[in-house]
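> Once you've had a glance at the structure underneath, I'll fire off some questions.
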Amino acid sequence: MENNSASVPTDNNVPQKFIILGGGAAGILLAMKLASEKRILNIDITLVDCKSFFEYTPSLISVLYEGTDEQFERHFSKATADYKTLLGRLGVKFELGILLNMDTEYVTLDGDGATNQHRKIPYDIAVICTGSSYHSPWKVSIQEQPTTTIEWKDRLNYLRTQREEYKASKNILCIGGGPVGVEVVTEIAYRSSKKKITLVNSAEKVLSGTPRGISESGERVLHHLDPIQLINGEKAECMDDHTYKTSKTNTEIKTDLVYNCTGVRPNTQFLQKSHLDWLDEKQHIRVNEFFQVQENNNRVFAIGDVNNANEPKLWFTAHMQTVHLYHNLKRLLSSPSLDMIPYHGSQLSMVISLGPNYAVGSLNDGVVLLNGWPLGRNKGSKMASIAKHTIERITMNDFHSKKLTNNILYNTHEKGQLLPRILSKVSTCSDQQTD
Ligand SMILES: Cc1cc2nc3c(=O)[nH]c(=O)nc-3n(C[C@H](O)[C@H](O)[C@H](O)COP(=O)(O)OP(=O)(O)OC[C@H]3O[C@@H](n4cnc5c(N)ncnc54)[C@H](O)[C@@H]3O)c2cc1C
Numbered sequence: 139m140e141n142n143s144a145s146v147p148t149d150n151n152v153p154q155k156f157i158i159l160g161g162g163a164a165g166i167l168l169a170m171k172l173a174s175e176k177r178i179l180n181i182d183i184t185l186v187d188c189k190s191f192f193e194y195t196p197s198l199i200s201v202l203y204e205g206t207d208e209q210f211e212r213h214f215s216k217a218t219a220d221y222k223t224l225l226g227r228l229g230v231k232f233e234l235g236i237l238l239n240m241d242t243e244y245v246t247l248d249g250d251g252a253t254n255q256h257r258k259i260p261y262d263i264a265v266i267c268t269g270s271s272y273h274s275p276w277k278v279s280i281q282e283q284p285t286t287t288i289e290w291k292d293r294l295n296y297l298r299t300q301r302e303e304y305k306a307s308k309n310i311l312c313i314g315g316g317p318v319g320v321e322v323v324t325e326i327a328y329r330s331s332k333k334k335i336t337l338v339n340s341a342e343k344v345l346s347g348t349p350r351g352i353s354e355s356g357e358r359v360l361h362h363l364d365p366i367q368l369i370n371g372e373k374a375e376c377m378d379d380h381t382y383k384t385s386k387t388n389t390e391i392k393t394d395l396v397y398n399c400t401g402v403r404p405n406t407q408f409l410q411k412s413h414l415d416w417l418d419e420k421q422h423i424r425v426n427e428f429f430q431v432q433e434n435n436n437r438v439f440a441i442g443d444v445n446n447a448n449e450p451k452l453w454f455t456a457h458m459q460t461v462h463l464y465h466n467l468k469r470l471l472s473s474p475s476l477d478m479i480p481y482h483g484s485q486l487s488m489v490i491s492l493g494p495n496y497a498v499g500s501l502n503d504g505v506v507l508l509n510g511w512p513l514g515r516n517k518g519s520k521m522a523s524i525a526k527h528t529i530e531r532i533t534m535n536d537f538h539s540k541k542l543t544n545n546i547l548y549n550t551h552e553k554g555q556l557l558p559r560i561l562s563k564v565s566t567c568s569d570q571q572t573d
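So the sequence shown is numbered by my numbering: it starts at 139 and just counts up by one.
In structure tokens:
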């Protein structure tokens, strides 16, 4: 990179208009981190989202399959937060609306319900955090060009319907053996042991692509849960509404409920008209190591699932990218002559639930593995499960410790920091000795 110094307009008296597009993992954390310094940095922050509420996606599976309807509604309330209230407390403006377009000075939103007129919101600096869509019911789908904004009550009613369908079903088919598919089938197996669940996974093992040890641990637990039939190395093909067939062995699967747990799709439709050139072949926004969308342009950045950074699309990595960008934005806004620091990627720490009380977890690319060893390996780790519940509580209840926790995680995971560099050296040495 030749020159990445700031090119943001700076009239010191007028706060710069800072806009965050999307309030998921990345957007909400960035808003929280910048809010406490907005006066010093002289910025006015606005966050835009087409939902009126923040939703903690990693909890949605456990929410849907809660033991009773009352617990389901209570857990949904605890895993969501109203943006206006949350951001209002931080002094951040909230705009409810569907992003339709972005040009060099404005983003365009749909009508506000009262007027139906498109709204134009000016910006000096924009951070795109519009994330990705996933198959229903796990995320609100933005793919089919959304036509209405989504209120909390609508989402709750939709999930209630999904829950009724689940309760009425007897034979459930789940397609995809990644973290979402594995969490879904294990949660159901514990909650409703009489339902028959088939998991069809095109890879040779579940959880492939996760840090070492996780896949073997997940596979072992699935084999010990009676209601689950696991079919690896095949695809599920739809024959009719209630029948699927696998691609190699032609195994017939009768089902009354199907969950598709494959593939994330970036939410970049609003760039199709004005900035097709920003997108790669998978429709992710191309970014460099500073998360700049265009080389040397310090006005537009993209972080989280929406960008093409070469790391897994996770809540965790979205947070690591956010903390990194926050540090660079602080440099940029407080002293434009300072160069920005490149992002080196992050070592992965992840926890995958295996039902309500067990999980498998891995810290720093598998340096530490929590899998129930030595006595509980057929079920998974209770400690990892407690960690997952604690992360949810930190995310939803305690915004001060959320910022602190993410700072600690960043310093221990971003590959340019000292500890991750040491861990990576130790891990390479031990791999070489094993070979
Ligand atoms: C079921 C499930 C479980 C998961 N569990 C885990 C886990 O345990 N750990 C983990 O690390 N990762 C997990 N993930 C992945 C994680 O949820 C994502 O990687 C993360 O949400 C990405 O964050 P983001 O901020 O980039 O985008 P998102 O969280 O997708 O947020 C994007 C925001 O932008 C808004 N938006 C999008 N388009 C528009 C538009 N046109 N107009 C207005 N607003 C818009 C959306 O409403 C949304 O609020 C899970 C994913 C799923 C589906």
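Every residue gets a Cβ at the ideal spot worked out from N, C-alpha and C, and that includes glycine.
The structure presented is a predicted model; accordingly, all values stated were derived computationally and were not measured.
#1: What is the rounded straight-line gap between the Cα of D477 and the Cα of V152?
#2: Could you check which residue in T400, E427, Y382, V431 has the C-alpha nearest to that of T406?
#3: Excluding five sequence neighbours on each side, which residues of the same chain lie with their C-beta closer than 6 Å to the C-beta of R329?
#4: Return helix, strand or coil for Q154, following the three-state DSSP convention.
#5: Using CA atoms only, rank isn't needed, just tell me which of Q459, L561, G499 is closest to I166.
#6: Taking K333 as the reference, give the member of C312, G316, D536 with the closest Cα.
#7: I need the straight-line Cα distance from T389 to L363, nearest angstrom please.
#8: Going by CA-CA distance only, name the one from K373, H462, K526 that's closest to K541.
#9: Closest by CA to I529, which one among G499, V344, E372?
#10: With H, G and I counted as helix, E and B as strand and the rest as coil, what does DSSP make of F429?
#11: Should N342 go down as buried or exposed, given a rule of 16 or more other Cβ atoms within 10 Å for buried?
#12: Any heavy atom of ligand 1 closer than 7 Å to the Cβ of I236?
#13: Buried or exposed, going by whether 16 or more other CB atoms sit within 10 Å of the CB of P558?
#14: Does the distance between the C-beta of P494 and the nearest non-hydrogen atom of ligand 1 fall short of 7 Å?
#15: Per DSSP, E375 forms a beta bridge with which residues?
#16: Let me know if N535 comes out buried or exposed under the rule of 16 or more other beta-carbons within 10 Å of its beta-carbon.
#17: For L168, which residues from the same chain have a beta carbon less than 8 Å from its beta carbon, with the 5 sequence-adjacent residues on both sides left out?
#18: Measuring straight from C-alpha to C-alpha, what distance separates E375 and L368?
#19: Answer yes or no: do Y221 and L185 have a C-beta to C-beta separation smaller than 8 Å?
#20: CB-CB under 8 Å to S423, same chain, minus the five flanking residues each way: which ones, in chain order?
#21: Rounding to the nearest angstrom, what Cα-Cα distance links F537 and T381 in this structure?
#22: Please name the residue in A456, I366, L179 whose C-alpha comes closest to that of N544.
#23: Here's the rule I'm using: 16 or more other beta-carbon atoms within 10 Å means buried, otherwise exposed. How should D262 be labelled?
#24: Measure how close the beta-carbons of Y397 and V322 come, nearest whole angstrom, since I'm counting them as under 8 Å.
#25: Would you please state the rounded distance, in angstroms, between the beta carbons of S582 and N502? I believe it to be under 8 Å.
#26: Leaving out the 5 sequence neighbours to the left and right, which residues in its chain are closer than 6 Å to W276 when beta-carbon positions are compared?
#27: My assumption, with CB atoms under 8 Å, is that E372 sits in contact with S340. Please give the rounded CB distance.
#28: Residue range of the beta strand (DSSP E) that E325 falls in?
#29: Just to confirm my understanding: we take K386, look at its own chain, exclude 5 residues before and 5 after, and list those with CB closer than 6 Å. What are they?
#30: What is the DSSP secondary structure of D241, counted as helix, strand or coil?
#31: Out of curiosity, what's the CA-to-CA distance linking I178 and K553?
#32: Sorry if obvious, but does the Cβ on I132 come closer than 7 Å to a heavy atom of ligand 1?
#33: Could you check the C-alpha separation between K155 and R469 for me, to the nearest Å?
Walking through what the data contain:
#1: 24 Å
#2: Of the candidates T400, E427, Y382, V431, the one whose C-alpha sits nearest the C-alpha of T406 is V431.
#3: Y203
#4: strand
#5: Q459
#6: C312
#7: 20 Å
#8: H462
#9: With distances taken between Cα atoms, I529 lies closest to G499.
#10: coil
#11: Looking at the sequence shown, residue 342 is not Asn but Glu. Its Cβ having fewer than 16 others within 10 Å, E342 is exposed.
#12: yes
#13: buried
#14: Distances from the CB of P494 to the heavy atoms of ligand 1 are all 7 Å or more.
#15: E375 is bridged to K383.
#16: exposed
#17: I158, V265, C267, I441, T460, L463, Y464
#18: Their backbone Cα atoms lie some 16 Å apart in a straight line.
#19: yes
#20: Ser is not the amino acid found at residue 423; the sequence shown has Ile there. Once the five neighbours on either side are set aside, the close Cβ partners of I423 are I266, P404, T406, L409, W416, L417, V431, A440, V444, N445, N446.
#21: F537 and T381 have their C-alpha atoms spaced approximately 46 Å apart.
#22: A456
#23: buried
#24: 6 Å
#25: With the chain running from 139 to 573 in the structure shown, residue 582 is simply not present.
#26: Within the same chain, W276 has close Cβ partners L198.
#27: 7 Å
#28: Segment 317–329 is the alpha helix (DSSP H) holding E325; no beta strand (DSSP E) there.
#29: E372
#30: coil
#31: Each residue's Cα considered, the two are about 29 Å apart.
#32: The chain is shown from 139 up to 573; residue 132 falls before or after that span and cannot be answered.
#33: 17 Å
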